[in-house]
Structures are given as structure tokens and as C-alpha cells.
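Numbering follows numbering that gives the first Met the number 0, with no gaps: position 123 of the sequence shown is 122. Remarks on the structure that follows.
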Amino acid sequence: MPPERYTKQIFQFQEVFGEEPNERSEAAWTKLIPMGKGWVNVTTDVELPYMPGLDRSLPEQKALLSVFHQLHCLYMTRSGFFAARDGKIETVNSTHLSHCWDYLRQSIMCAGDTSLEWKPENDIGSTGWGYQHTCKDYTALYIFAEQHRSTDKKVIHS
0 MPPERYTKQI
10 FQFQEVFGEE
20 PNERSEAAWT
30 KLIPMGKGWV
40 NVTTDVELPY
50 MPGLDRSLPE
60 QKALLSVFHQ
70 LHCLYMTRSG
80 FFAARDGKIE
90 TVNSTHLSHC
100 WDYLRQSIMC
110 AGDTSLEWKP
120 ENDIGSTGWG
130 YQHTCKDYTA
140 LYIFAEQHRS
150 TDKKVIHS
């Protein structure tokens, strides 16, 4: 099972993730995904709670760690935005994006980050930057996914 370790993180703006698609930004997004794209082999002989979709009659099953599915969906919405902005709407898979928006909505609500973001005195809202959050240890999840990967693929887009 994936590790349940936590770490304190202060969110800071990293402009590369909001840049137009270019060599630097694509490399940054791809680096977020481990070898195997987050798909892992899970042996069913380990003690697993009841999980819909788990076929205990099989000795091993493939499973995708949700965090990597979520990052894939975020990347796809980014790609869709830039494609639409650049007049390439025919390249946008609207069914996939619709899935991603609802999947991300549910994922954000599930995670329910309750960190407090203080309102600056002369501002109307919060940028979210500079505030501490308690996060799952992403590095530990990344390492787990690579160590238990079911494939050697390393892409974020498909």
C-alpha cells in the first residue's frame, strides 16, 4: 500500500507550470509523473480493505494512484485551454475534459485542505502563496509508484 506520510509545505508560485507549452514547461509537467505513469501492481494477498472493483480472485491487479490521475487531468485541462486559445479547438477532447473537471472537483473536495489563508489587509482575496499546508509526502508517493510500477512508460498526456 502507498505510504501515508505527511509533510509541511509552504505553497509558492512556480511560473513554469502556467507557461504556454514549451520545452521547459512540458519537461516540468512530465517530471511530476513517475516511471509507470502512477500505475502500480498490487498483490491481492496483502490485507486490503473492501474496495469496489478489486477482484480478490486474481493474485495481482494493476491500480492507478489517484494523485497521478489528478495531475494528468490538470495537465489535460491546461492543454485544452492553450489549444482552444490558439484556435485549435478540434484537437480538444471535450468528453475527456468534462471527465477531468468533475474528477478534479471531487478530488479537491475529498482532500478538503483546511489550511488557513489569511486575507491581506488591502486585498480582496488570497493568492494562496506563502501559507503552510499539511500535505501527503509526494516524494514518498512518487518513489512508491516507481518501485511498484506496472509499466515503464513515462508520459503525462496519455
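Note that the Cβ used here is the ideal one computed from N, Cα and C, for glycine as well.
Problem set entry | Which listed residue (E89, Y5, P1) has its alpha carbon closest to that of D136 | Y5
Problem set entry | Inter-stretch contact at 8 Å, needing at least 3 Cβ pairs: the region 21-41 / the region 56-65 | yes
Exercise. Hey, quick one: how far does the beta strand (DSSP E) through E145 stretch, first residue to last?
Worked result: Note, E145: premise wrong, no beta strand (DSSP E); alpha helix (DSSP H) at 137-146.
Exercise. Which one or two residues does DSSP pair with N40 in a beta bridge?
Worked result: K61
For this session: My understanding is that R148 touches G35, with C-beta atoms under 8 Å, so please give their C-beta distance in whole angstroms.
Result: 3 Å
For this session: Return yes when the Cβ of Y102 is within less than 9 Å of the Cβ of P33, no when it is not.
Result: no
Problem set entry | C-alpha gap between M50 and S114, whole angstroms | 29 Å
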